[in-house]
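So the structure is just underneath, and the comments pick up after that.
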Amino acid sequence: MKARNFELINTRWIGDGHPCFIIAEIGQNHQGDIEIAKKLIKMAKDCGADCVKFQKSDLHAKFTKSVLARHYESPHAWGTTYGEHKTFLEFSEDQYKELMAFASSVNIYFTASAMDEVSLDFLVNLKVPFIKMGSGDANNFILLEKAAKTKLPIVYSTGMQDMQTVKTAMERMNAFNPHVCILQCTSSYPTPVDQVHLRVMQSYRDHFPGSPVGYSGHELGISITLAAAALGAHVIERHITLDKSLKGNDHACSLDPSELKSLVEGIRTIEQALGCAIKSKQPSEEPCHQKLGKSVICTQKLEAGVQLCSDHLTVKVGQPVGWSPQHLDQLIGKTLSRNMDQDETITSDCII
Ligand SMILES: CC(=O)N[C@H](C=O)[C@@H](O)[C@H](O)[C@H](O)COP(=O)(O)O
Ligand SMILES: C=C(OP(=O)(O)O)C(=O)O
0 MKARNFELIN
10 TRWIGDGHPC
20 FIIAEIGQNH
30 QGDIEIAKKL
40 IKMAKDCGAD
50 CVKFQKSDLH
60 AKFTKSVLAR
70 HYESPHAWGT
80 TYGEHKTFLE
90 FSEDQYKELM
100 AFASSVNIYF
110 TASAMDEVSL
120 DFLVNLKVPF
130 IKMGSGDANN
140 FILLEKAAKT
150 KLPIVYSTGM
160 QDMQTVKTAM
170 ERMNAFNPHV
180 CILQCTSSYP
190 TPVDQVHLRV
200 MQSYRDHFPG
210 SPVGYSGHEL
220 GISITLAAAA
230 LGAHVIERHI
240 TLDKSLKGND
250 HACSLDPSEL
260 KSLVEGIRTI
270 EQALGCAIKS
280 KQPSEEPCHQ
290 KLGKSVICTQ
300 KLEAGVQLCS
310 DHLTVKVGQP
320 VGWSPQHLDQ
330 LIGKTLSRNM
340 DQDETITSDC
350 II
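Position 25, counted from 1, in the sequence shown is what numbering that gives the first Met the number 0 calls 24; the numbers after and before it change by one each time, with no gaps.
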């Protein structure tokens, strides 16, 4: 069976046997202001996220002229046309370099989604450790293949797609690159609870046995994302914000600092609680076992040399804790080494 893990970043693996990798998606919640972007990077680090992520576009490579010229009437618009709006939110290549250096100075991983071929080339040159492919490109096989050919690991989000498209996309990427992590995602802001479908993660696990599987969420709050972690998500991505009431399409469904901190703490607690699949008595159970654990007990006074039969034996809470009830059958036919009282616990030294 293929191992479901790979090295995402030098020494940091994702997948089975490794901690959940938590991506704080800054996206365009920086309001086009590099100082706010730095505050968000610092906030993500302080809250315990593993990585910050931006969205890199070359507007003429990503959008047609008519889309850029389209009137953008929205309370979240930063310009009168969609082009003006997106230009306002786009950082320059030098600003990306500055942000990457800042992330490195606060010791958090940095990457961005490559939203077109020009941006992919730029991010590769920038030497981001892995490439995020967002849902807008989840069916853009040409760009996905180009990303795969860079040989950088890929985190691939799958909003707005069906299973057949996702399967084809994975095949096309895996032909060049085995290191693709796939995220369940619904691209609505905020996502209605009944359109989240965390169970898709299990379908991805079944269909892509060599791939880590995670969740990129746009719902309100943190409980659904915690559930994704409890279902074993290897990677979690959520948008972050300094203030949910700020202007911008994504702020309302983003996590503020207190939510991000709670999410990270919750994920780390869940990971510990998921533990391992081997059932065994735990060290912390010993006091309860000593107080309430049952033992095999004599039903009557018995003399040394008696051969035990089932009528001689019952199961009760006794002192000391002795012969375990699950092994009661092994006592039948055994000879007592000493006299025993009614209600006395059988211990291993009571039989020959
Ligand atoms: C699918 C996709 O790319 N979604 C992104 C990631 O989740 C979003 O952050 C969009 O960039 C954002 O919602 C767009 O908002 P506007 O159109 O107001 O700039
Ligand atoms: C759109 C993006 O992500 P997702 O589809 O996971 O929301 C992105 O990373 O730019």
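Here a beta-carbon is modelled for each residue, glycine too, at the ideal position from N, C-alpha and C.
query, result
"Can you tell me which residues fall inside 5 Å of ligand 2, judged by beta-carbon distance to its nearest heavy atom, and keep chain order?", "Q54, S112, K131, G133, S134, S156, G158, C184 and S215"
"Within the chosen definition, does the stretch 128-147 reach the stretch 108-116 through at least 3 CB pairs nearer than 8 Å?", "yes"
"When you measure from the CB of G213 to every non-hydrogen atom of ligand 1, does any distance come out below 6 Å?", "no"
"Between the C-alpha atoms of H196 and T268, what's the straight-line distance to the nearest angstrom?", "23 Å"
"Using only the heavy atoms of ligand 1, determine whether one of them is closer than 6 Å to the beta carbon of H70.", "no"
"Beta-carbon separation of I181 and S210 under 7 Å?", "yes"
"Let me make sure I understand the geometry here. Which of E6, K96, Y81 and L241 has the alpha-carbon closest to that of E24?", "L241"
"How about H288: is its Cβ closer than 6 Å to a heavy atom in ligand 1?", "no"
"State the DSSP-derived secondary structure class of V105, mapped to helix, strand or coil.", "coil"
"Excluding the five sequence neighbours on either side, which residues of its own chain have a C-beta within less than 6 Å of the C-beta of Q94, listed in chain order?", "I33"
"According to the neighbour-count rule (16 or more other Cβ atoms, all chains shown, within 10 Å of its Cβ), is H233 buried or exposed?", "buried"
"Compare the Cα-Cα distances from V320 to each of K293, I235 and T313 and report the closest residue.", "K293"
"Nearest to I107 by alpha carbon, out of A228, V51, Q318 and I345?", "V51"
"Tell me whether S104 counts as near ligand 1, meaning its Cβ is closer than 6 Å to at least one heavy atom of that ligand.", "no"
"Does the Cβ-Cβ distance between D340 and K300 come in under 7 Å?", "yes"
"Going by the C-beta, is G26 closer than 6 Å to any heavy atom of ligand 1?", "yes"
"On a CA-only basis, which of H29, C349 and S323 is nearest T334? Give me that one, please.", "C349"
"Determine the contact status of I239 and L225, defining contact as a CB-CB distance below 7 Å.", "no"
"Taking the continuous beta strand (DSSP E) assigned at I21, which residues delimit it?", "F20 to G26"
"Determine, using beta-carbon pairs with one atom in the stretch 43-58 and one in the stretch 70-77, whether at least three such pairs fall under 8 Å.", "no"
"For I296, which of L312, G304, K290 and E285 has the nearest alpha-carbon?", "L312"
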